[in-house]
Amino acid sequence: MSEQVKDARNPPSSQDVENWLVKSVARKLSIESLPFKLKAPTVFDPYMFPLGAKCPETVPVFIEVSSGSRNKYEWSQEHSCIMLDRVLHSAVHYPSDYGFIPQTLCGDGDPLDVLVMGTQPLIPGCIVNARPIAYMVMEDEKGMDEKVLAVCANDPMFDEVKTFRDLPEHKLREVSHFFETYKGLEKNKWAKVGGWKGTQDTYQLIEQTHSMFIEREQQLENEL
């Protein structure tokens with residue numbers, strides 16, 4: 030009796046089939062059997078995104094939170110993805126898209142925060158070219174926490190906005206009020222908002238925080 034007939038009359042058990050499938054797939058997926066070498070996956074690091082030749086007049090901003098959202102998303106360097114940090118405890122929402130400037134470092138250990146004004150909300154995880162026009166003096170439980178105000182460089186609705194004085198006064202009050210109140214219902218958290226600084230002061234702040242970032246990176250490299 031042929032082997033084929035014998036197999037037909039004595040079909041393998043479901044466990045035999047499962048074992049065969051596992052071994053078959055394992056063979057096909059074996060690195061040794063691949064006709065090419067696997068490359069290490071490329072990990073995107075927004076902290077290291079190049080600032081560009083037009084910095085500080087135009088800077089890249091990594092967006093973490095969309096305008097109108099109460100969800101506070103943050104980039105997780107450990108997991109290389111955007112994660113939900115918390116839902117704002119107060120009944121407020123972000124007045125503009127919110128993110129940070131790469132290759133910057135502030136006194137609280139985080140990159141320099143930015144509010145980017147544009148016609149339409151941006152999606153978390155995108156990079157937008159923005160023109161800084163001012164920054165708001167602010168302090169929270171971690172220390173100084175300045176907030177840069179910028180406009181989307183590729184939005185024609187904001188082409189004529191060169192300084193924060195070109196904005197409606199109510200918009201500035203809206204931004205200040207948001208940061209005064211967005212931590213109000215959270216335990217052991219607070220925020221104090223000061224005045225606004227102009228464009229040149231904002232450029233200096235960006236350059237200072239970039240220098241702090243470079244200094245830290247050099248220290249980390251020397252420790253290796």
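Residue 70 in my numbering sits at position 41 of the sequence shown; the count goes up by one each step and never skips.
Yeah, the Cβ is synthetic: ideal placement off N, Cα and C, and Gly gets one too.
* Just reading off the beta strand (DSSP E) that Asn-274 is part of, what are its end residues? -> The structure shown does not extend to residue 274, since the chain is modelled only from 30 through 253, so no value can be given for it.
- In terms of alpha-carbon separation, which member of Glu-209, Lys-200, Met-167 and Gly-147 lies closest to Met-186? Distances from the alpha-carbon of Met-186 to those of Glu-209, Lys-200, Met-167 and Gly-147 put Gly-147 closest.
Quiz item: Could you give the distance in angstroms between the alpha-carbon of Gln-237 and the alpha-carbon of Tyr-211?
Solution: Whole-angstrom Cα-Cα distance: 27 Å.
Q) In whole angstroms, what is the alpha-carbon distance linking Asp-184 and Leu-151? A) In a straight line, the C-alpha of Asp-184 is about 12 Å away from that of Leu-151.
* Assuming Met-165 contacts Ser-205 under a Cβ cut-off of 8 Å, what Cβ separation, rounded to an integer in Å, is found between them? -> About 7 Å separates the Cβ atoms of Met-165 and Ser-205, confirming a contact at the 8 Å cut-off.
How is the alpha helix (DSSP H) around Tyr-232 delimited, first residue to last? Here the alpha helix (DSSP H) through Tyr-232 covers 228 to 252.
Range covered by the alpha helix (DSSP H) that runs through Leu-201:
Leu-201 -> alpha helix (DSSP H) spans 198 to 210.
Is the Cβ-Cβ distance between Ile-235 and Leu-196 less than 9 Å?
Not a contact, by the Cβ cut-off of 9 Å.
Next item on the list: Find out if the Cβ-Cβ distance for the pair Asp-169, Leu-144 is shorter than 9 Å.
Entry: Cβ atoms of Asp-169 and Leu-144: not closer than 9 Å.
I'd like the list of long-range same chain contacts for Leu-214, defined as Cβ closer than 6 Å, with 5 residues on each side in sequence excluded. For Leu-214, the CB contacts under 6 Å within the same chain, skipping 5 residues up- and downstream, are His-118 and Ser-119 in chain order.
_Taking only three categories from DSSP, how would you classify Tyr-123?_
Tyr-123: coil per DSSP, three-state reduction.
(Q) Comparing C-alpha positions only, which one of Gly-224, Glu-175, Glu-244 and Asp-74 sits nearest to Cys-110? (A) Closest in alpha carbon position to Cys-110, among Gly-224, Glu-175, Glu-244 and Asp-74, is Asp-74.
I need the straight-line Cα distance from Asp-230 to Lys-176, nearest angstrom please. Per the coordinates, the alpha-carbon of Asp-230 lies some 12 Å from the alpha-carbon of Lys-176.
- Distance between Arg-160 and Gly-138 (C-alpha atoms, nearest Å): Using only the alpha carbons, I get a separation of about 23 Å.
*Give the DSSP bridge partners of Arg-194, in chain order.*
The beta-bridge partner set that DSSP reports for Arg-194 is empty.
**Item:** Residues sharing a beta bridge with Glu-168, DSSP
**Value:** According to DSSP, which records beta bridges pairwise, Glu-168 is partnered with Met-173 and Lys-221.
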